[in-house]
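Residue numbers (UniProt numbering): 1 to 258.
Backbone N, C-alpha and C fix where the C-beta goes; we use that ideal spot for every residue, glycine too.
All values derive from a computational prediction rather than experimental measurement.
This report concerns only the one structure given below.
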């Protein structure tokens, strides 16, 4: 592959993601999600996906589109509370779910991308996260078909720690505000969230960017994620509805409230 990593469309960028592939997907809620790439996967109908992402979008947007279409087989997440279809599929045994403390999930992605196979953390000690028994998959009768295994523990300084494994995936899908043709990315404010970590974890990382610039236009000090972690770059088409920035839940004060 040459230094120019741009591809013409999101459809072309995800064309080799096959059924059963594992994906790390950036975003937090609906903030910073790679909506154009998710939409392209949804349109393509790729199924049996094993997705690692902080959450699974909402019922009608983000990863929630793939979930509703039955394209996701397994989720590794830290939060899933905004998606009723997620709860239905999980409790009915249609979806396997590994819930991970949020900091541990972030570090597992970073560790995988940095070539670190595992690390110790105090998060989850004394709970089912460490002791095992968390339902990963339910049977149709409501019993637990697959439960989480116990994690290896070790003491450091008299305090127990759990061994957590790094995460690597076949592909990663992320969204950045600015990217150049070499794959160097700049994220905007809180939209950075899990995006750099997901990008590091993917063997093939695909970035959708709002603004595509030429190599050399980005000051190296501005770059949040170097292009060594990115294999493909797609510019989001202006006005593409799949790239819309939505708000999960809008709360406003009623007129007259103190």
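> By Cβ distance, which residues of its chain are closer than 7 Å to residue 131, with the 5 residues on each side in sequence left out?
Replying inline: 150
>> Looking at residue 201: is its Cβ nearer than 8 Å to the Cβ of residue 73?
In response: no
>> Spatial neighbours of residue 1 within its chain, please: C-beta separation below 8 Å, excluding the five flanking residues on both sides.
In response: Because the pLDDT of residue 1 is 45, which lies under 50, any placement of that residue in the model is unreliable, and the number read from its coordinates should be weighed accordingly. Taken in chain order, the residues that qualify are 231.
> What do you get for residue 252, buried or exposed, if any count of 16 or more other CB atoms within 10 angstroms of its CB means buried?
Replying inline: exposed
> Straight-line CA distance for residue 228 to residue 222?
Replying inline: 16 Å
>> Give me, in chain order, the residues of the same chain whose beta-carbon lies closer than 7 Å to that of residue 88; leave out the 5 immediate sequence neighbours on both sides.
In response: none
> Cβ of residue 91 within 7 Å of any heavy atom in the ligand ZN?
Replying inline: The model on display carries no ligand, and the ligand ZN is accordingly not part of it.
>> Just list the residues that DSSP pairs residue 76 with in beta bridges.
In response: 52 and 98
>> Report the CB separation of residue 280 from residue 176 in whole angstroms; it is logged as a contact under 8 Å.
In response: In the structure as shown, the chain begins at 1 and stops at 258. Residue 280 is therefore absent and cannot be evaluated.
> Roughly how many angstroms lie between the CA atoms of residue 46 and residue 29, to the nearest whole one?
Replying inline: 22 Å
> Would DSSP call residue 164 helix, strand or coil?
Replying inline: strand
>> What would DSSP say about residue 206, mapped onto helix, strand or coil?
In response: strand
> Can you tell me the Cα-Cα spacing of residue 14 and residue 37, whole angstroms?
Replying inline: 7 Å
>> Quick check: the Cα distance between residue 77 and residue 50, rounded to an integer number of angstroms?
In response: 11 Å
> Where residue 172 and residue 144 are concerned, what is the direct C-alpha to C-alpha distance, given to the nearest angstrom?
Replying inline: 30 Å
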